[in-house]
Amino acid sequence: MSAVLEVRGLRARYGPDREVLKGVNLSVSPGDFLVIIGPSGSGKSTLIRCVNRLVEPSAGSVLFEGQDLLSLRPAELRRARRHIGMIFQSYNLVDRLSVMDNVLTGRLGYTGTLRSLLRMFTRREMTQAMRLLERVGLSELAERRADRLSGGQRQRVGIARALFQNPRLLLVDEPTSSLDPKIAREVMALIKEVAAEYRVPVLCNMHDVELALACSTRVLGLKDGVAHFEGRPGEIDREVLGRIYAAEGA
Amino acid sequence: MVAVGAELARCAASVERMAAARTRTRAAQFGCWVLGTALLAWAAKGILVGDTDWSRITASGLLRAIQRFGRVDLSLVPSLLRPALETVLMATLGTLLGVAMALPVAFLGANNVTPLGRLSYLAARSTMTLSRSVHEIVWGLVFVAAAGLGTLAGVLAMAVRSVGFVSKTVAEAIEDVEEGPIEALRAVGASRLQILAFAIVPQVMPILLGNVVFEWDVNIRRSTIMGLVGAGGLGLALFRQMAAYNYGGVSAVVLVTLGLILVGEVVSHHARRAIL
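Protein sequences appear in the order of chains P and D.
Counted the way the working numbering counts, the first sequence spans residues -10 to 239.
Counted the way the working numbering counts, the second sequence spans residues 367 to 642.
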């Protein structure tokens, strides 16, 4: 079975002497829910952002469905990004747009420039968006402005926006860090459900180990820009956690 | 106990240092006051004391002036309504034209979206400075020379004068937008133009509209004096009354101008509240 995403020897740096990723390998196959865990500053967010090049890696390769994303020119990269949905820690909604409009932005990559500037979305697109809002439990709030929602509701809009892309890979960056524990579990459960329904593999990072073990099919332990563990959640014990979370330079 | 003694000594030393620094600051402040007062006195002597004909300023002279201007020529008011309307229309057209020109300048002058790097950024920033640093009366003179006497010159002058303020505030608003939505739209594969329309414009819109209304209010003021250089409106009426030494007429024009500005103030106050 071929992998949807294959990351090899990925390196990234902020400035000349701050290397954040030091040669990371990972692969995501259909049906995977791969969670990256690790302490703050270990490079989790950078790793996820390197996949769709929101952060430019300095070396390595990122094969998405066999195509190396790092070799793409800007227009080709935009086309490739349409197939990769992303959910963010701070939701990243456009506050002054309605919930509906926020979901519709998920398909901007497919919408012609003129049509999108005139906000001319088709009935069909709006129906699809409405169905997704129904799925995440927000159909009543479709016309409300995004800044009037609670954190949990905002993240549900983020999930609907990502699904509206018909993604073939879902990148999820700390989806629950800004939410309280109960809402966090609900949001995580929703992501897991829709990922299964839409048959889209997930690459997610999280610092809540317990939640990560509960929802993942595989886990990658990242520390200091290097993968220290890769395996099934059942294989993680105190010894492994100790290795990942051990104080540096101790 | 020895350690405590050493600590105390260190504290005392740093307090000593801070006290000395404060004394220096106070001395510098005092010096600034003295220098400032001296400068003011020198300026007043240079341009006021020497250049004023003090013998002309008498109590009876002042009274006479008040009497002249106080006899407001209200019969003039009906004939001022058309120039007043002209003034408002000039301000409105000037503002709209100015905003139309300001938007591209703002886009080029915001360092996070400017398309050609330093080149376009500097070009836009110089445009802003040029527009703002030349007085509207001077712009009026330029456009009267270019487009002839009349309201067109006034409209152009105000438009050009408005570009600076509107584009500068909007450019700064663009530089301050939240990065999150931009990142999200990059991730879905949106183009630069789409990101501008969906992530940046909605964030900048309230600031843009608020400042446009403010600029319209300011332009009504500017518009009332445009006539002084022959660019139409109430200013022209003012100029004619002054040329005829009709002091009561001058007062009538000033009164109508005041009313107009009050109307502008009220309208812009409510418009801004509606936007925010």
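C-beta: ideal position from N, C-alpha, C; glycine also.
Just so it is clear, the structure is predicted and the values come from calculations on it, not from any experiment.
Neighbourhood of P:Gln154 in chain D, by CB distance below 7 Å: Val554, in chain order.
At the C-beta level, P:Pro156 and P:Val198 stay beyond 7 Å of one another. One finds nothing in chain P with a Cβ atom closer than 7 Å to the Cβ of D:Phe605; even the nearest lies about 46 Å away. Sorting P:Met75, P:Arg7 and P:Val13 by C-alpha distance to the C-alpha of P:Glu(-5) places P:Val13 at the top. Looking at the DSSP output, P:Val51 sits in a beta bridge with P:Val(-4). CA-CA distance, P:Phe22 to P:Arg68, rounds to 24 Å. Sixteen is the threshold: when 16 or more other Cβ atoms of the shown chains lie within 10 Å of the Cβ of P:Thr100, as they do, the residue is buried.
The region 158 to 174 of chain P makes contact with the region 55 to 74 of chain P, as at least three CB pairs between them are under 8 Å.
For P:Gly126, no alpha helix (DSSP H) run applies, since DSSP gives it neither H nor E. In this structure, D:Ser533 is the residue among D:Ser533, D:Thr424, D:Glu382 and D:Ala431 with its C-alpha nearest to the C-alpha of D:Tyr487. For D:Val500, the closest alpha carbon among the candidates D:Leu485, D:Thr517 and D:Phe531 is that of D:Phe531. Pairing P:Pro46 with P:Ala(-8) gives a Cβ-Cβ distance that is not under 7 Å.
One alpha carbon belongs to P:Thr165, the other to P:Arg174, and they sit about 8 Å apart. When DSSP reads this structure, P:Phe22 sits in a beta bridge with P:Val191.
The alpha helix (DSSP H) runs of length 4 or more contained entirely in the region 489 to 559 of chain D are, from start to end of the chain, 502 to 513, 517 to 541 and 545 to 553.
Assignment of beta-bridge partners to P:Gly210 by DSSP yields P:Ile26 and P:Phe218.
Here D:Ala610 carries a coil assignment [DSSP, helix/strand/coil].
Closest option to D:Pro449, judged by alpha-carbon separation, among D:Ser497, D:Gly516, D:Val471 and D:Gly464: D:Gly516.
Beta-bridge partners of P:Val17 (DSSP): P:Leu(-6).
Within the model, the alpha-carbon separation for D:Cys398 versus D:Ala410 is close to 18 Å. The region 407 to 451 of chain D is shown to contain no whole beta strand (DSSP E) run of 3 or more residues. For D:Leu551, the C-beta contacts it makes with chain P under 7 Å involve Thr94 and Leu97, in order along the chain. Within the DSSP secondary-structure output, P:Gly74 pairs in a beta bridge with P:Leu159.
Closest option to P:Gln78, judged by alpha-carbon separation, among P:Ile37, P:Gly126 and P:Glu186: P:Ile37.
Pairing P:Leu152 with P:Leu121 gives a Cβ-Cβ distance under 7 Å.
Collapsing the DSSP output to three states places D:Leu482 in coil. Between D:Ile540 and D:Ala489, the C-beta gap is not smaller than 7 Å, which leaves the two residues out of contact.
If you compare the alpha carbons of D:Gly402, D:Leu518 and D:Ala603 with that of D:Met456, the shortest gap goes to D:Leu518. At a beta-carbon threshold of 9 Å, none of the residues of chain P lie near D:Gln433; the nearest stands roughly 57 Å away. Chain-ordered listing is empty here: chain P has no CB closer than 8 Å to the CB of D:Met384, the nearest sitting near 36 Å. With a cutoff of 7 Å on beta-carbon distance, D:Phe564 and P:Thr94 are scored as near each other.
In this structure, D:Gln607 is the residue among D:Val415, D:Val570, D:Gln607 and D:Arg491 with its C-alpha nearest to the C-alpha of D:Ser445.
With 16 or more other CB atoms across the displayed protein chains lying within 10 angstroms of its CB, P:Cys39 is buried. For D:Gly576, no Cβ of chain P is located within less than 7 Å of the residue's own Cβ. Within the model, the alpha-carbon separation for D:Gly614 versus D:Phe509 is close to 31 Å.
Around the Cβ of P:Asn41, a 10 Å sphere holds 16 or more other Cβ atoms; the residue is buried.
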